Amino acid sequence: MSSETADGSIAAAKPTAAPTSRRGFLLGLGLALNAIAATLFAVPVLRYVMAPGRRLAWLAWIPLGSLTEFPEGRTRLASYENPFVRPWDGETGKIPCWVRRLQGESFQVFAINCTHLGCPVRWFEASGLFMCPCHGGVFYADGRRASGPPPRELYQYEYKIENGQLWIRAGQVPTLGQPEV
Amino acid sequence: MAIVDTAKAVGAWLDQRLGLGTPIAEVAAHPVPRSSASWWYVFGSATFVVFLLQVITGTCLALVYVPSANGAWQSLLYLNYAQPLGWYLRALHGWGSNFMLALMFAHMAQVFLFGAYKYPRELTWLAGVLLLFCTLGMAFTGQIMRFDQDAYWGLGIGASIAGRIPLLGPSVVHLLLGGPIIAGATLSRFFALHVFVIPALLIGFVGLHLFLVLRLGINEWPMPGRVVKRDRYLEQYGRLVHEDGEPFFPYAAQKDLVFAGLIVGALVVAAAILGPIGPNGEPDPTIIRTVPRPDFFFLWLFSIFALLPPWTETVLMLVAPVLVMGILFGLPFISGTGEKSFRRRPVSVIVVVVVATAIGTLTWLGTWSPWSPVMDAWSAAPTPPAYVRNRSPLELQGALLVQSKQCRNCHALGGEGGRRGPALDDTATRLTRDELVRQVLQGGGNMPAYGKNLRPAEVEALVAFLETMHPDGEPPARDASRAR
């Protein structure tokens, strides 16, 4: 786009009608090409970053142990290996939960997370209460809210009994928007 | 002499190519209002200096730290105990974070009180607000890097808040955690934020902030009555700098230098004395004997979450942050002109005092969190001997029940135990026998109902003991409708 003038200095070519339209076309082509390229680049990147939000098939049946481990009328702490783990998850792949066996094959399996802000609730046998160490949420033995800030009863996992084993359907941290019941 | 000559030659060679000598000299010598070379104007530069230290110590820690869920905690212990001076680098980085936040808030309060955000420095304030959010983001993600029990359950709290967002909640939780649970992917995500994303933003906004400070000039000391007007301020400022200005270096910079030196000195000493922060217990979610607490600068939030009326919570958790951002971003547009001096802006003083008092009080409450049950008080805090002296066998049974039924987790005796409910030392002066029975069986206020967990004989014993709980010389409450 430059030309040698008579005195030897380099000066920009005077714009004329034809090059302007060609330049306009090239500019438009350049912008369009980059828009397409940017889309081709951005879509996989965004899908990669958003991937965990798009898959909902985390839930699986997980064995918690033999029925004999859970005496009737008692609430016991159990833990399981989360169905979706990566080798470098270490101990964070282990998730605890509270198993209450009412009688026979009638159970309640509570998530460990307080329904207020997710801290681990602890069971107190003598007073029949779950207490949360963070903001003071308290729940009754059957999971109903007893006092404090929690907006709902304890989260419960779906359960089934097969071959003398207690199974629960778990695999994601329960939150108000996605309780597992 | 030869060395000096060589240095000069190298300098000249570089300057011929870079051409930065003159601009740098101009920046150093740019005139600032004599009044702004004040000890009140040193917080911003000190924040910047501590930020630079954070970059250095953070990079050093990344040489050893392992950002994986099964290695992070061990690598922190390695840093603390095995890596030579690892403990000190961790201490510098951890306390540096506290120093940086404290200095930033001091700077922010000063800028607000001195009206420095007003015309034409609105954009400087906006860049500062972005720096505030980035720095808070660094503090929160940094707390996650210290991958211990507090970090794990802190993430649980983050997920629970995100899960309250209508409709999008579950997707946001998965995006935040990098999967369905808090695990390795979560730590990797927050590592990327802490080490790449937020620092890049911070450096960009710091650049913008400093560029604007240089371009628009440093705020003059605000004089009551000297009102900012859009059409006249620039000319007035130009005249002020011209007539009553001094070169930035060394006139104003010397105070910045002294203060920054003192701050760095204090940090270096504080880190050596106080040592590294944590980590506490290993991030194993099956260890539920844990009492999660956030770091110091987030304790006020922890208190708010405990004290808000439950029905307001979801709305406030989601709306309040947007509201706060709106107010901070909107400030220079709401009051972009007018008086700058805090002497003529009483509301600004009240705002600073109220916000500081509120956050201070909430932080103080957060340090002892009276709303949390003391999880081990029922077995760890003994009944004071005075309360079992001269009691009947039935009353002693009741004293036993106060311990074994975990009453002490929420009720103190002799100053020990939970503070969720009222202390029991003088409970008989407040409630009659019938009221005690009702309260125990049905609960109410914040107390769960114990009707299902106490046999009638146990209630009898418990209430008999509680009836004895009144100070000497102060009679117990009496039901006026009953003849005794």
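If you read the protein sequences in the order shown, they are chains A and B. Residues in the first sequence are numbered consecutively from 1, following this note's numbering. Residues in the second sequence are numbered consecutively from 182, following this note's numbering. Positions of the beta carbon are idealized from the N, C-alpha and C atoms, including for glycine. The model shown is predicted, which means the values in this text are computed figures rather than measured ones.
Query raised in the report: Any Cβ of chain B within less than 7 Å of the Cβ of V138(A)?
Result: Position 138 of the first sequence, counted from the start, is the residue given in the question as residue 138(A). True, the Cβ-Cβ gap to chain B drops below 7 Å.
Query - Residues near C134(A) by beta carbon distance below 8 Å, same chain, minus five either side - result: As a first step, residue 134(A) is located in the first sequence; it is residue number 134 there, counting from the start. Leaving aside the five residues that flank C134(A) on each side, the residues in its chain whose CB is nearer than 8 Å to its CB run, in chain order, C114, H116, L117 and C119.
Query raised in the report: Using a beta-carbon distance below 7 Å, is Q587(B) in contact with chain A?
Result: Position 406 of the second sequence, counted from the start, is the residue given in the question as residue 587(B). At a cut-off of 7 Å between beta-carbon atoms, Q587(B) makes contact with chain A.
Query - Span separating the alpha-carbon of V245(B) from that of L260(B) - result: Translated into the one-based positions of the second sequence, residue 245(B) becomes position 64. Translated into the one-based positions of the second sequence, residue 260(B) becomes position 79. Cα atoms of V245(B) and L260(B): separation of roughly 7 Å, rounded to the nearest angstrom.
Requested in this report: List the residues of chain A that R601(B) touches, going by C-beta distances under 7 Å, in chain order.
Outcome: Here residue 601(B) is taken as the residue at index 420 of the second sequence, counted from 1. Close partners of R601(B) in chain A (Cβ separation under 7 Å): G136.
Query raised in the report: Do you know offhand how far Y296(B)'s Cα is from S522(B)'s?
Result: Position 115 of the second sequence, counted from the start, is the residue given in the question as residue 296(B). Position 341 of the second sequence, counted from the start, is the residue given in the question as residue 522(B). Sequence check: residue 296(B) is Gly here, not Tyr. Their Cα atoms are separated by approximately 7 Å.
Query - Per-residue contacts from I95(A) into chain B (C-beta, under 7 Å) - result: What you label residue 95(A) is simply residue 95 of the first sequence in a count that begins at 1. The contacting residues are I362 and P466.
Query raised in the report: Do you know offhand how far G225(B)'s Cα is from K586(B)'s?
Result: Locating residue 225(B) in the second sequence gives position 44, where the first residue counts as 1. Locating residue 586(B) in the second sequence gives position 405, where the first residue counts as 1. Looking at the two C-alpha atoms, the distance is approximately 55 Å.
**Report entry** G73(A) versus L31(A), E105(A), R86(A) and E81(A), residue with shortest Cα-Cα distance
**Finding:** Stepping through the first sequence from its first residue, residue 73(A) is reached at position 73. Distance from the Cα of G73(A) is smallest, within the candidate group L31(A), E105(A), R86(A) and E81(A), for E105(A).
Query - Interface residues of chain A facing F486(B) [CB-CB closer than 9 Å] - result: Looking up residue 486(B) in the second sequence gives position 305. H116, L117, C134, H135 and P149, listed in chain order.
Query raised in the report: Looking only at its own chain, which residues have a Cβ that is under 7 Å from the Cβ of L642(B), when we skip the five neighbours before and after it?
Result: The sequence position of residue 642(B) within the second sequence is 461, counting from 1. It should be pointed out that residue 642(B) corresponds to Ala in this sequence rather than to Leu. Once the five neighbours on either side are set aside, the close Cβ partners of A642(B) are L575, Q578, G579 and L582.
Requested in this report: Under 8 Å by Cβ, that's how I've got E692(B) and A609(B) pegged, so tell me the actual separation to the nearest angstrom.
Outcome: Because chain B in this structure spans residues 182 to 665, residue 692(B) falls outside the shown range and cannot be described.
Requested in this report: Could you list the residues in the stretch 544-566 of chain B with a C-beta less than 7 Å from some C-beta on chain A, going in chain order?
Outcome: W552, S553, P554 and M556
Query raised in the report: Are the Cβ atoms of C241(B) and L270(B) separated by less than 7 Å?
Result: In the second sequence, residue 241(B) corresponds to position 60, counting from 1. In the second sequence, residue 270(B) corresponds to position 89, counting from 1. It is a contact, given that the beta carbons lie within the stated cut-off.
Query raised in the report: Does A332(B) get closer than 7 Å to chain A when you measure Cβ to Cβ?
Result: As a position in the second sequence, residue 332(B) is number 151, starting the count at 1. Cβ-Cβ to chain A under 7 Å: no for A332(B).
Query - Cα-Cα separation between M588(B) and L77(A), rounded to whole angstroms - result: Residue 588(B) sits at position 407 when you count from the first residue of the second sequence. Residue 77(A) sits at position 77 when you count from the first residue of the first sequence. Before going on, a small fix: residue 588(B) reads as Cys here, not Met. Going from the Cα of C588(B) to the Cα of L77(A) covers about 22 Å.
Query - Inter-residue spacing [alpha-carbon to alpha-carbon] between A366(B) and F84(A) - result: Against the second sequence, residue 366(B) aligns to sequence position 185. Against the first sequence, residue 84(A) aligns to sequence position 84. Taking the straight line from one Cα to the other gives about 11 Å.
Query raised in the report: Between the beta-carbon of T322(B) and the beta-carbon of S79(A), is there less than 7 Å?
Result: As a first step, residue 322(B) is located in the second sequence; it is residue number 141 there, counting from the start. As a first step, residue 79(A) is located in the first sequence; it is residue number 79 there, counting from the start. Contact flag unset, no.
**Report entry** Nearest-angstrom Cα separation, counted from G459(B) out to A263(B)
**Finding:** Stepping through the second sequence from its first residue, residue 263(B) is reached at position 82. Stepping through the second sequence from its first residue, residue 459(B) is reached at position 278. Approximately 15 Å, taken between the alpha carbons.
Query raised in the report: Less than 7 Å separating the beta-carbons of P491(B) and P149(A)?
Result: Here residue 491(B) refers to the residue found at position 310 when the second sequence is read from its first residue. Here residue 149(A) refers to the residue found at position 149 when the first sequence is read from its first residue. A distance below 7 Å separates the beta carbons of P491(B) and P149(A).
Query raised in the report: Within the 7 Å Cβ cut-off, does V173(A) reach chain B?
Result: The sequence position of residue 173(A) within the first sequence is 173, counting from 1. Yes, contact with chain B.
Report task. Below 7 Å CB to CB, which residues in the same chain sit around G164(A) once its five sequence neighbours on both sides are set aside? Result -> For this step, residue 164(A) is matched to residue 164 along the first sequence. Contacts found: S66 and L67.
Query raised in the report: Does the beta-carbon of P652(B) have 16 or more other beta-carbons within 10 angstroms, so that it is buried, or is it exposed?
Result: Here residue 652(B) refers to the residue found at position 471 when the second sequence is read from its first residue. Label assigned to P652(B): exposed.
Query - C-beta atoms of G462(B) and D329(B) nearer than 7 Å - result: Counting from 1 along the second sequence, the entry for residue 462(B) is found at position 281. Counting from 1 along the second sequence, the entry for residue 329(B) is found at position 148. Yes, the pair counts as a contact, with Cβ atoms nearer than the cut-off.
Query raised in the report: Tell me, which residues are paired with S484(B) by DSSP?
Result: Taking the first residue of the second sequence as 1, we reach residue 484(B) at position 303. The secondary-structure analysis by DSSP pairs S484(B) with nothing; it has no beta-bridge partner.
Query raised in the report: The alpha helix (DSSP H) spanning V292(B) covers which residue range?
Result: Position 111 of the second sequence, counted from the start, is the residue given in the question as residue 292(B). Where V292(B) is concerned, the enclosing alpha helix (DSSP H) stretches over G267 to L294.
Requested in this report: Could you tell me how far apart the beta carbons of Q172(A) and P361(B) are, in whole angstroms, since I believe they sit closer than 8 Å?
Outcome: Working through the first sequence from its first residue, we reach residue 172(A) at position 172. Working through the second sequence from its first residue, we reach residue 361(B) at position 180. Their Cβ separation, rounded to whole angstroms, is 3 Å, which keeps Q172(A) and P361(B) in contact under 8 Å.
Report task. Helix, strand or coil for F646(B), going by three-state DSSP, please let me know. Result -> Position 465 of the second sequence holds residue 646(B). Residue state, collapsed to three classes: helix.
Query raised in the report: According to DSSP, is W58(A) helix, strand or coil?
Result: Mapped onto the first sequence, residue 58(A) falls at position 58. Of the three classes helix, strand and coil, the one that applies to W58(A) here is coil, per DSSP.
Report task. For G30(A), count neighbouring C-beta atoms within 10 Å of its own C-beta (all shown protein chains included) and say buried if the count is 16 or more, exposed if not. Result -> Along the first sequence, read from residue 1 onward, the residue named residue 30(A) stands at position 30. Counting of Cβ neighbours within 10 angstroms places G30(A) among the exposed residues, the total staying below 16.
Query raised in the report: What residues are listed by DSSP as bridge partners for F124(A)?
Result: Translated into the one-based positions of the first sequence, residue 124(A) becomes position 124. According to the DSSP secondary-structure assignment, F124(A) is paired through a beta bridge with L129(A).
Report task. Measure how close the beta-carbons of R474(B) and F486(B) come, nearest whole angstrom, since I'm counting them as under 8 Å. Result -> Residue 474(B) sits at position 293 when you count from the first residue of the second sequence. Residue 486(B) sits at position 305 when you count from the first residue of the second sequence. About 12 Å; that fails the 8 Å criterion.
Report task. Specify, as a first and last residue, the run of the alpha helix (DSSP H) that R396(B) falls within. Result -> For the purposes of this step, residue 396(B) is taken as residue 215 along the second sequence, with counting starting at 1. Boundaries of the alpha helix (DSSP H) harbouring R396(B): I379 to L397, taken from the DSSP string.
Query raised in the report: What is the DSSP secondary structure of F232(B), reduced to helix, strand or coil?
Result: Locating residue 232(B) in the second sequence gives position 51, counting from the first residue. Note: F232(B) maps to helix in three-state DSSP.
Query raised in the report: On the three-state DSSP scale, how would you describe Y183(A)?
Result: The question about residue 183(A) has no answer, for chain A in this structure spans 1 to 181.
Report task. Could you please tell me which residues of the stretch 56-78 of chain A, in chain order, have their CB closer than 9 Å to any CB of chain B? Result -> Of all residues in the stretch 56-78 of chain A, L56, W58, L59 and L77 have a Cβ within less than 9 Å of some Cβ in chain B.
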